[in-house]
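Some notes on the structure that comes next.
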Amino acid sequence: SPFNGNSILNYTIIQGNNSLFGVSNSGAFSVLSPLDYEKTKLEVVVVRVEDSGSTGHLQTTATVSVVVKPANDLSPKWDTWIPPVPSDLTYFINENVAF
1 SPFNGNSILN YTIIQGNNSL FGVSNSGAFS VLSPLDYEKT KLEVVVVRVE DSGSTGHLQT
61 TATVSVVVKP ANDLSPKWDT WIPPVPSDLT YFINENVAF
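Mapping to the UniProt record's numbering: the sequence shown position 87 is 87, numbers consecutive.
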């Protein structure tokens, strides 16, 4: 039967930072907390899936590698009021440039 113990799967994070990541009963992998590129550029998590069969549990593992990309979390902050610019003009300002 497709609804016996063998068809019920349990997912568990067995290695890695389980405060940052989670895995649902359906096997969906999710990020629970913001990732910080300055702290780590790669997170490796091992997930085990196991059935609930009565004649011994079958299980396997999968390694999930999460590559953290840098984000612009330091957006520019203006210290003074800047008058409106006509919409037909475009300015480009590089990051980390002193004014």
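We put the CB at the ideal spot given by N, CA and C, even for glycine.
Can you give the beta carbon distance from residue i to residue j, rounded, assuming they're within the 8 Å contact cut?
i: Val-44; j: Gly-16; result: 6 Å
i: Val-47; j: Tyr-11; result: 6 Å
i: Val-64; j: Phe-29; result: 6 Å
Along the chain, where does the beta strand (DSSP E) containing residue i start, and where does it finish?
i: Val-68; result: Careful: Val-68 lies outside any beta strand (DSSP E) and carries neither H nor E.
i: Asp-51; result: 42 to 51
i: Leu-58; result: No beta strand (DSSP E) holds Leu-58; DSSP gives it neither H nor E.
i: Asn-11; result: Just to set this straight, residue 11 is Tyr in the shown sequence, not Asn. Run containing Tyr-11: 9 to 15, per the beta strand (DSSP E) assignment.
i: Gly-22; result: 21 to 23
i: Ser-33; result: Here Ser-33 belongs to no beta strand (DSSP E), and DSSP marks it neither H nor E.
Can you grab the Cα-Cα spacing for the pair residue i / residue j, in whole Å?
i: Ser-52; j: Asn-72; result: 45 Å
i: Ser-1; j: Val-31; result: Because the pLDDT of Ser-1 is 48, which lies under 50, any placement of that residue in the model is unreliable, and the question is left without a value.
i: Pro-70; j: Asn-25; result: 30 Å
i: Pro-34; j: Glu-95; result: 23 Å
Would you mind working out which of the options sits nearest residue i, comparing C-alpha positions?
i: Ile-14; options: Ala-62, Asp-36 and Val-67; result: Ala-62
i: Val-23; options: Leu-9, Lys-39, Pro-34 and Leu-35; result: Leu-9
i: Lys-39; options: Gln-59, Leu-20, Asn-25 and Ser-7; result: Leu-20
i: Gly-27; options: Asp-36, Thr-60 and Glu-95; result: Thr-60
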